[in-house]
Amino acid sequence: MGVTHPVLDPPPGLATELDDRDLDQAFGTDVGKTRPNVEKKRIIGQALDAGYRLLDCALLYDSFASVCECLRERDLLDEAFILFKVKPTEIAELRGVFRPLGRGPDVLMLHEMAATTSKTVTAIGELANRIRSGNGRYLGLSNVTTVEELRTLCEAARGFRVPVSCVQNRCSPYYQDTEIRRYCREQGIVYLAYGLMGSRQQGACHGEGYGLPTLYLLPTLDPRLEALAGGLQLRDAGRLRPASTGELLLYWAFMQNVIPVAFSTDRERVRYNLEATQISAGATLRGIEALFSVPQMDGARAIRTRDSPIRALYMALRDPTAWWLLDEVCRVAGPLMAALVERAGLGSSVALRNIVYNLMRFVADLQSNNMPWQETLRDEFQQLDTAFRSAGDADAKRRLFELCYEWLMKDSLAGGGVKEALDRPGEIRNGRYVPAHPVTATGRLAAGQSARLVERRPDVGTVLTLKESDHSTYMDGYTPVEFEDLAANQVYDVLYCGQHDLSVRLLSAGSRPKAAVLKPEPL
22 MGVTHPVLDP PPGLATELDD RDLDQAFGTD VGKTRPNVEK KRIIGQALDA GYRLLDCALL
82 YDSFASVCEC LRERDLLDEA FILFKVKPTE IAELRGVFRP LGRGPDVLML HEMAATTSKT
142 VTAIGELANR IRSGNGRYLG LSNVTTVEEL RTLCEAARGF RVPVSCVQNR CSPYYQDTEI
202 RRYCREQGIV YLAYGLMGSR QQGACHGEGY GLPTLYLLPT LDPRLEALAG GLQLRDAGRL
262 RPASTGELLL YWAFMQNVIP VAFSTDRERV RYNLEATQIS AGATLRGIEA LFSVPQMDGA
322 RAIRTRDSPI RALYMALRDP TAWWLLDEVC RVAGPLMAAL VERAGLGSSV ALRNIVYNLM
382 RFVADLQSNN MPWQETLRDE FQQLDTAFRS AGDADAKRRL FELCYEWLMK DSLAGGGVKE
442 ALDRPGEIRN GRYVPAHPVT ATGRLAAGQS ARLVERRPDV GTVLTLKESD HSTYMDGYTP
502 VEFEDLAANQ VYDVLYCGQH DLSVRLLSAG SRPKAAVLKP EPL
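Reading the sequence shown from the start, the letters are residues 22 to 544 in the numbering used here.
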């Protein structure tokens, strides 16, 4: 006989409860593990004093004890609404964590997905057990990657008699998470957005910056958004002041029916952030939407993309931010970029998309280093283009070109090396750049390898055996796919030798898949 789960009286819908309590913005308590407790309490306390009651907490942040102290000192233990995230591997560590709160959290949320779907479902079941036992009220999920994954997990949660009530994902104008947000809206699931103002690739959750480069661009440093914010006057204490880019982003999120997770250590900025959802500026909102709508081939861009290689580069990623950055680069380095595209292959959409993503990665690195990123981006690529066109020696020109190719063909998802990224263009010009996974003769020599290129794309029908150690080998629209989740007899895009895309049919799935090549690109 199976286990019968008790049927509890469901709490009011999370969306309704948050709306009734006017909780339209959360304060993130990832204040930094290394801060002393007195500093943690200062930051959290001033957020509570400003009026924040919806608090985004996590076991990983190592700040929950400070949160509870601040709440107790202000007699707000019952008034606060607590979201608490925990990783699948940390659930057993929850014992005693909520004792200082005197109750379970309002939302118990899985902080990230486990290595496999089945392990994630098991973790959801463990959280559901805690909620049914009274150690929480609502179930949430964070860092869900696809609608299909979310749909599967929602069905699993319903099987545990505890539905998914909220999702917290990274979201910004650069990465709007449109499909998951739409699914949440259709299912009545509350959507919370973190990373709204970008990430400088630091802090408890950010690791080394692995993922799409769009996740790490900083919209607060976008001059277009800065201009829109500067034109928006807000009344504060009887005087007018220009809005900040951060306030504009919070207002944008609120108008998308998204609950943003905000953070600041500055008392005045905390107050401004909390009040940002009260902004009313329809014209400014339309200006933001225009910046991030489907990009158009018009004006100077239309003239620039008459060159087939440059047009192919734009068409590889129809993203408004990508096109804006390509405008900046191709304006000053068109000949070099065209040559790089021809080297990669005009029809190689995966390779060209990787080039564009690496441009975005470079911008994110510049921003994380507090550089004047637009000027630096244009200057570095102009210098590379000038060196490429003016090189009098054929060998020197080839070496510079191949090192440029190595730099823009590295794995754009990998991240890391933020500080060193500033030196890359100079290293390329001086011939000192050493690629981690070289694909050209120059790159191989720089890495101390033989210049002879022995790898070759396989013929149609060749059976490829791929291992888990082949980093980022299988890709689906540049989203890494777990080997265990690949389906036999399905066709996938594959990066072969780290660069070239193939179409293959999977012959056997699992952690050691085999695939037969269907359609290699021409050499």
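For every residue, glycine included, the Cβ atom is placed at its ideal position computed from N, Cα and C.
Three-state secondary structure assigned by DSSP to residue i
i: K106; result: strand
i: Y335; result: helix
i: D546; result: Given that the chain is displayed from residue 22 to residue 544, the structure contains no residue 546 and the question cannot be resolved.
i: A548; result: Examination of residue 548 is not possible in this model, given that the chain is present from 22 through 544 alone.
i: D497; result: The predicted model places D497 with a pLDDT of 38, which falls under 50 and marks its position as unreliable; any figure quoted below should be read in that light. If DSSP states are grouped into helix, strand and coil, D497 belongs with the strands.
i: M318; result: coil
i: L238; result: coil
i: P263; result: strand
i: K540; result: strand
i: R325; result: helix
i: G252; result: coil
i: E310; result: helix
i: Y454; result: coil
i: N278; result: coil
i: S139; result: helix
i: P244; result: helix
i: K62; result: helix
i: V118; result: coil
i: V291; result: helix
i: G123; result: coil
i: P330; result: helix
i: P459; result: coil
i: Y546; result: No information on residue 546 is available, as it lies outside the stretch 22 to 544 that the chain covers here.
Bridge partners - residue i, DSSP secondary structure assignment
i: F48; result: L76 and A283
i: S529; result: K535
i: V128; result: L104 and Y159
i: Y513; result: V525
Inter-residue spacing [alpha-carbon to alpha-carbon] between residue i and residue j
i: L249; j: E289; result: 21 Å
i: E310; j: T241; result: 16 Å
i: R332; j: D400; result: 22 Å
i: L253; j: R206; result: 29 Å
i: L98; j: G72; result: 14 Å
i: T286; j: T167; result: 33 Å
i: F313; j: Q403; result: 27 Å
i: F102; j: P126; result: 8 Å
i: S369; j: W344; result: 18 Å
i: E111; j: L80; result: 8 Å
i: E251; j: A264; result: Note that residue 251 corresponds to Gly in the displayed sequence, not to Glu. Their Cα atoms are separated by approximately 6 Å.
i: L129; j: N164; result: 14 Å
i: M318; j: L338; result: 13 Å
i: A385; j: V377; result: 13 Å
i: G373; j: E114; result: According to the sequence provided, residue 373 is Leu. The question's Gly does not apply to it. Those two C-alpha atoms are separated by around 45 Å.
i: P316; j: A323; result: 11 Å
i: P393; j: V512; result: 44 Å
i: D70; j: T50; result: 14 Å
i: H132; j: L122; result: 20 Å
i: H458; j: S87; result: 45 Å
i: L387; j: T55; result: 25 Å
Unbroken beta strand (DSSP E) run spanning residue i, endpoints
i: V377; result: Unbroken run through V377 is the alpha helix (DSSP H), S370 to S389; no beta strand (DSSP E).
i: S301; result: Careful: S301 lies outside any beta strand (DSSP E) and carries neither H nor E.
i: G161; result: Y159 to S163
i: C187; result: V185 to R191
i: Y215; result: V211 to Y215
i: T486; result: V484 to T486
Cβ-based neighbour list, residue i, same chain, cut-off 6 Å, excluding 5 preceding and 5 following
i: D198; result: N190 and C192
i: A214; result: C192, A274, V279 and P281
i: Y272; result: A297 and I300
i: K418; result: A412
i: T397; result: L387
Element boundaries [alpha helix (DSSP H), containing residue i]
i: Q208; result: T199 to Q208
i: V439; result: V439 to A442
i: M358; result: P341 to A365
i: L233; result: Looking at the DSSP string, L233 is not in any alpha helix (DSSP H), and its letter there is neither H nor E.
i: F85; result: F85 to E94
i: E169; result: V168 to G180
i: D41; result: L35 to D41
i: G469; result: It is not in any alpha helix (DSSP H) - G469 carries neither H nor E in the DSSP assignment.
Interface flag, residue i vs chain C, CB-CB below 9 Å
i: P263; result: The displayed structure is made up of one protein chain only, and chain C is not part of it.
Beta-carbon proximity list for residue i, same chain, < 7 Å, skipping 5 on both sides
i: S471; result: R465
i: E100; result: R74
i: I64; result: V52 and T286
i: G308; result: L249
Same chain, Cβ closer than 8 Å to residue i, five either side skipped, listed in chain order
i: A47; result: Y73, L75, L76, D77, L104, L213, I280, P281, V282 and A283
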